[in-house]
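Reading through the structure tokens given below for one structure.
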Amino acid sequence: MLYSLSPDQEIIINFLYFCRDGRRAGSIFENRRRLQVAHFWKDERREKGVVAMKAGKVRRRTLTYAGLGAVAAALLTGCGSQFQVLDPAGPVARTELNMIDISIVLLLIVIVPVIGLLIYIVYRYRDKPGNTAPYDPHFADSKVMEFIWWGIPILIVAILGTLTVRTTISLAQPPGNTSSVQPLTIEVTSLDWKWLFQYPNGKFATVNYAEIPVGVPVQFILTSNAPMNSFWVPRLGGQEYTMPGMALRLWLQANQVGDYYGHGANFTGRGFAHTTFHVIAAPMAKFDQWVKHVKSTAPALTPTGYKNLAIPNIVGEMTFSSYPANSFYNTVMNDGGRFMPSTVQEEASLHH
Amino acid sequence: MPSSHLSHWGLLVTGDPLIYGADASIILASVGIVFVLTYFKKWKWLWKEWLTTVDHKRIGIMYLIAAVLMLFRAGTDALLMRTQLALPNEHFLGPSHYDQIFTTHGTVMIFFMAMPFIFALMNIAVPLQIGARDVAFPYLNAVSFWLFFFGAMLLNISFVIGGSPAAGWTSYAPLAGLHFSPGPGENFYLLALQITGIGSIATGINFLATIFKMRAPGMTLMKMPLFTWSIVATNILIIFAFPALAVALALLLIDRIAGAHFFTIHAGGLPMMYINMFWIWGHPEVYIVILPAFGVFSEVVATFSRKTIFGYKAMVSSLLLISVASYFVWAHHFFTMGGGVSVNSFFAVASMLIGIPTGVKVFNWMFTMYRGRIRMKMPMLWTIAFIPCFVLGGATGMMLAVAPADYQYHNSYFLVAHFHEMLIGGVVFGMFAALYYWWPKMFGFLLDEKWGRWAFWLWNIGFYVCFEPQYALGLMGMQRRMYTYPAGMGWTALNFISTIGAFLMGLGFIFMVWDIVYSIFKGERDLTGDPWDGRTLEWSLPSPAPHYNFAVIPTITDRDQWWTLKEQGRQDTLRPQTEDIKPIHMPKNSAKPFLIGIAFFTAGFGFVFGWYVFGAIALFGVVVLLLARSFEYHSDYHIPVDEVIHTETALGRL
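Taken in order, these protein sequences are the chains called S and F.
Going from the first sequence to my numbering is simple: count from 1 and add 279.
Going from the second sequence to my numbering is simple: count from 1 and add 9.
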């Protein structure tokens, strides 16, 4: 009984013959005959095994596509708000998710064939009695294969690298058009184990929460008055470290109304697990209302109160209608800012 | 039971039943060991055969035993952590305790499990593979081992005496500085790693000298086995990377004990410089642990496919490319530290490029199997399991290299899943493959296949169940190094599943230990010295190899010399002829490495607690021992021809 191969099995096997034998490889018809003759001499058990393997392969292939489909669906739709990174609420997170998706697609080009090839090779070349697969103990070189598996990865890295560099550059710029929309500046100080948000424009402050207007680019100027933490609001965008003695800028923007989970993302000691905060994005009108409310009703943050925030403890949310002048700048300078003149210059220029 | 309050009674840590349990176990185990040694009258044997040995084979076995014990220790840490994280808001471990546990988990796994494991393999295999009688500096080899051992002891004693470090295995300043981490814990970390680091640098020098100068005649560099090549690359990395760590640790220690301001927040310190220096070592370090695993896979794949390794030259050049490139990627560990666009771009692209030679190796291994005859023995099973795991982990590594995406992954469980996939799927699986592969050569019997398979499947299933959900957890916004997490984030189910996976791996470890115990009594004895039908020189020797390895150093004409000779039916040319045997020059055993280790341990212990005079006296002891060695003129001897003939005849080789 002659056993015939599926078209893609044939293509792969002919390709491999071509790789090994080059132009001396037989024609497709010759190779097909060779394979048929080889298979003709199998015993029935082996045939059943191959048929089962083929069925298994089909099943695996179906499962793979189904699995890939599910993954794609999850990645593309965000699969509910629990997968925060996959459910962007602003342009920065969206850009970063695009890079995640592109990298997955490019890498699947490598992963799927590799794993598929591994399964094929391990099944076909087992040292089982009666295995008629060719045994070539000195086959150790193939310029064509080398070209392929150096070339394709280099190509993938070239594409991914270019996109990465372009995106890295773009993320250092404001996410929107700052000529038409005035960006908001918020100074963030990470402390043990809380977050202080100071609004230099309105000169008010909050602890462990921040409110921002929807659709407005926000530059968070980050520093720390404690071990370095990392400011992360997954649904709005990626994180950036809060470094003592430095003032680092992170652009984020919310395009949807919402209450976004934030957390410290660099270990700062015993209370680190509790460095939670959240960012509330409200429409512009509501935001302005909130600002007015804070400025008129909240208590002031006195210099003593500011110092007390540095005591290592865990507090709830706090709101202040004012804070000690230049406290952010002074904190940066006290913690070593004089060694980072460029960032401090930028920070000083924000005090308009 | 809440353990939020670890306190101290004098030096001893109190306040937690787990600690008391550990105290009891340590005392019981020590008493047990002393009792067994005394009862079986083995003190002299222990001293003569193990504590003072300079034989690379013995030292390799000691490294191996230590690595497996440390795998148990740090694995227990992992199970404790996963138990605490199985459900939200648990109180099994308080924050301080949890922080100490994850710190020691990482530190022990990298420095006291992975490093000794690769040193074990280097010691066991390299001299035999290149046809040498020992390493270039056997005494220094022993010193390296004892420095490692006592460094490990120093760190491990910390959780019952004084308190463990709690700033993460990376120990970032300023958190690890005196102000934010008062107490001896962090000092244990700095001193233990400094001590073991000296040993590592010495090993690097030792093995490079061995491989470059002591190969058998006729074995050119391009005829060496690929495992030996991987050790060349590894040791080049060790020599150039470990000094960076030594400096970083030393400066931080000086900050802590002498009040300097290298990495403090105030008075001119720059914490980010610690991070840079740490990772300049840290990235080459992960290649240091993976390259020997690659070497092992090359050996195993070729042997168990009965086929020449595909693309030997490409394999060598990719090893060297990876070594060089690994120095240019360190900032990918902190893309989010505000390095700026140019810095992040450079390191992102460099990190992607380093994935290319690594991927090439995977293809080479697969095409070695292609058109071979694959035998599914334990080493090969571990190798085949490594490939999909490592490919997935490498792919997520490429994803992490995309700096803008990394802003979302960094320090989340996505990162944790990635590096565990590389370290377990790559390094640990490689070490297990090597364990099964070279076990007969070390001990003269094989490890049982059946129990090995139980361990294998538990480890594999456990690994995927534990870590694949963690990728999802990272994308759900869960950060690493949190001792607990709130309910309502959607993280509970995946954390629980992950914990199950961790326990499956623990079960796998137990089966492995059982495999070893079972095989000691019932394992198939290796009577030929070549149980796997191997390709390289070590399989031409009996198992275990005699003290001097080769009675007559062979002359090499081909790569995979042993296999070539077998193909041509000329194996007997490697058997010694009586007339060729000459007196064999061997180094004497020495107690000084062990004593130097004790001196360093004592000094380290003193400096941890600020007993500077005590510590200085112990360091003086080190100097005295070094001087004593310098004036030792009779540190070697010759094995007479009669003894060699006698041993070879008893082994059936003459």
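Glycine is no exception: its CB is placed at the ideal position from the N, C-alpha and C atoms.
Handout entry: Runs of alpha helix (DSSP H) lying entirely within the segment 185 to 250 of chain F, each at least 4 residues, in chain order
Key = 194 to 222
Practice task
Below 9 Å between beta carbons is the criterion; list the residues of the segment 21 to 50 of chain F that meet it against any residue of chain S, in chain order.
Solution key: none
Handout entry: Endpoints, the alpha helix (DSSP H) within which E308/F is located
Key = P280 to F313
Practice task
Label D581/F either buried or exposed according to how many other C-beta atoms from any shown protein chain fall within 10 Å of its C-beta, with 16 as the threshold for buried.
Solution key: exposed
Handout entry: Test: N98/F CB closer than 8 Å to a CB of chain S
Key = no
Exercise for the section: Could you tell me whether the Cβ of D538/S comes closer than 8 Å to any Cβ of chain F? Expected result: no
Problem - W155/F, enclosing alpha helix (DSSP H) - first and last residue - result: P147 to I166
Handout entry: Assumed close pair E596/S, Y488/S - CB separation to whole angstroms, cut-off 8 Å
Key = 5 Å
Handout entry: Closer than 8 Å to chain F by CB, Q568/S
Key = no
Exercise for the section: Taking only the alpha-carbon atoms, compute the straight-line gap between S209/F and F216/F and give it to the nearest angstrom. Expected result: 11 Å
Practice task
Compute the distance between the beta-carbons of W466/F and M487/F, then report whether it is under 8 Å.
Solution key: no
Exercise for the section: Rounded to whole angstroms, what's the CA-CA distance from Q479/F to P495/F? Just pull it up for me. Expected result: 16 Å
Handout entry: F510/S - DSSP class collapsed to helix/strand/coil
Key = strand
Practice task
Please confirm whether A141/F and I68/F have their CB atoms less than 8 Å apart.
Solution key: no
Problem - Any beta strand (DSSP E) of 3 or more consecutive residues that is wholly inside the segment 558 to 608 of chain S - result: 597 to 599
Practice task
Flag V144/F as yes if its beta-carbon sits less than 8 Å from any beta-carbon of chain S, otherwise no.
Solution key: no
Exercise for the section: May I have the straight-line CA-CA distance separating L88/F from V400/F, to the nearest angstrom? Expected result: 26 Å
Practice task
Identify every run of the alpha helix (DSSP H) within the segment 409 to 480 of chain S, keeping only runs that are complete inside it and at least 4 residues long; order them along the chain.
Solution key: 422 to 450
Handout entry: Span separating the alpha-carbon of I398/S from that of F313/F
Key = 16 Å
Practice task
Report yes if the C-beta distance between D535/F and F454/F is below 8 Å; otherwise report no.
Solution key: yes
Practice task
Run the CB neighbour count on R579/F, radius 10 Å, all protein chains shown included, and call it buried at 16 or more, exposed below.
Solution key: exposed
Handout entry: Cβ shell of W448/F (< 6 Å), same chain only, five flanking positions each side left out
Key = L456
Problem - 8 Å Cβ shell around L527/S - same chain, five flanking residues per side excluded - result: I500, L501, T502, E519, Y520, T521 and T622
Practice task
Please name the residue or residues paired with M595/F in a DSSP beta bridge.
Solution key: Y646/F
Handout entry: Rounded C-alpha distance that separates K321/S from R382/F
Key = The predicted position of K321/S is uncertain, since its pLDDT is 46 and thus under 50; no value can be drawn from it.
Problem - Neighbouring residues, chain S, relative to M361/F (Cβ below 8 Å) - result: V436, L439, G440 and T443
Practice task
Report the three-state DSSP secondary structure of Q577/F (helix, strand or coil).
Solution key: coil
Handout entry: Assigned secondary structure, S503/S (DSSP; H/G/I helix, E/B strand, else coil)
Key = strand
Exercise for the section: Could you spell out where the beta strand (DSSP E) holding H270/F opens and where it closes? Expected result: Segment: none, H270/F is in no beta strand (DSSP E) and carries neither H nor E.
Problem - Pick from H429/F, A627/F, Y416/F and V77/F that is closest to F158/F, judged by C-alpha positions - result: V77/F
Exercise for the section: Report the residues of the segment 319 to 333 of chain F with a CB closer than 8 Å to any CB of chain S, ordered along the chain. Expected result: F319, G320, Y321 and A323
Handout entry: Reference Y585/S, options F556/S, W429/S and N504/S, closest by Cα
Key = N504/S
Practice task
Pick out whichever of L163/F, L149/F and S360/F has its Cα sitting closest to the Cα of Y296/F.
Solution key: S360/F
Exercise for the section: Would you list the one or two residues that DSSP bridges to D538/S? Expected result: I559/S
Handout entry: Terminal residues of the alpha helix (DSSP H) in which T113/F lies
Key = P104 to T116
Exercise for the section: Taking 8 Å as the threshold, find out whether the segment 448 to 458 of chain S comes into contact with the segment 398 to 413 of chain S through three or more Cβ pairs. Expected result: no
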